[in-house]
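Numbering (full-length UniProt numbering), first residue to last: 1 to 325. Yeah, the Cβ is synthetic: ideal placement off N, Cα and C, and Gly gets one too.
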């Protein structure tokens, strides 16, 4: 039942958390199906694009949400139709297409930009690092916070950017007055943005620690190898039956379907062992070869992991041994 504000207008029913979440899940599943089909058809093409394939997913999502949530689509994606909600402005009117596209752009950029191939050295340098942190982390923090805690209007960052609301759509449109968001939420969003801007400083200081400083050269060295698009290097440990094993691991994203190439994996492991001054402390060197794509709305990977003992990596390979003979 609708309530009445001080001017006598019925207050439109704001769509609740679970309705919006349900609609978003349905839309995510539908986009995931589309993305998976495209991935099957264009697997190698997407894989060759690397992390930039996420731009394809962003374009698809932008078109879907932008058109459907606008006047053209009646303010409803398929998920919103199923859950009985729609997007309108403060006057209970459907959004124009440009306004709807801007709305999703504010929502989509922080999530799709997260994971783009940005060099760690550049990411820690101003102003790129601060801009990236502000847009990605500040944007995500603000979106999630408002989505959960702005219970009065349920407007998240993208809604505030264009003045939109998501309402229950179970009766004919009429003149309405929407509630006003508590201004304290804006202060929290500003605080979250400030925290996000501190991220490059934290990363920069962490990069100066002994652990990270030793891994960064390994990562850069592996990234420069043939067929390696990106590389990530970490140290880790696992405890089984009371025994702790330490390992040095690299995840190599390849530009060709070479995940079954054990010789390549061993060459990468040998280079890691030779370049790591702390290799004597490790019980294993692990190399994970990965070939695939991630377009944001769907992903597909072929992976194969290889584990080597550091002592074995110091021994000559069969080819090297034959060459000596």
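Sequence-distant Cβ neighbours of residue 276 in its own chain, meaning closer than 8 Å and more than five residues away, are 214, 218, 248 and 282.
C-alpha of residue 135 to C-alpha of residue 285: approximately 36 Å in a straight line.
According to DSSP, residue pairing for residue 89 in a beta bridge involves 164. Around the beta carbon of residue 129, a 10 Å sphere encloses 16 or more other beta carbons of the protein chains shown; the residue is thus reported as buried. In the three-state scheme derived from DSSP, where H, G and I count as helix and E and B as strand, residue 297 is classed as coil.
Contact between the segment 292 to 300 and the segment 50 to 59 is present, with at least three C-beta pairs closer than 8 Å. Take the alpha-carbon of residue 146 and the one of residue 110: they are about 15 Å apart.
With at least 16 other beta carbons inside 10 angstroms of its own, residue 158 counts as buried. For the alpha helix (DSSP H) assignment, the uninterrupted runs of no fewer than 4 residues enclosed by the segment 239 to 317 are, from N- to C-terminal side, 262 to 275 and 310 to 313. Short of 6 Å from the beta carbon of residue 261, and not among the five residues preceding or following it, lies no beta carbon of its own chain. CA-to-CA, the gap between residue 108 and residue 140 works out to about 9 Å. Annotation for residue 182: no alpha helix (DSSP H) segment contains it, and DSSP assigns it neither H nor E. For residue 99, the uninterrupted alpha helix (DSSP H) run begins and ends at 97 to 113, by DSSP. Here DSSP, grouped into helix, strand and coil, assigns residue 70 to strand.
DSSP places residue 21 inside the alpha helix (DSSP H), whose first and last residues are 17 to 41.
In this structure, the straight-line span from the alpha carbon of residue 60 to that of residue 299 is close to 14 Å.
Residue 81: member of the alpha helix (DSSP H) spanning 78 to 83, first to last residue.
Under the Cβ criterion (8 Å, minimum of three pairs), the segment 68 to 75 does not count as touching the segment 148 to 155. Taken through DSSP and simplified to helix, strand or coil, residue 75 comes out as coil.
If you draw a 10 Å sphere on the C-beta of residue 224, you find fewer than 16 other C-beta atoms in it, and that means exposed.
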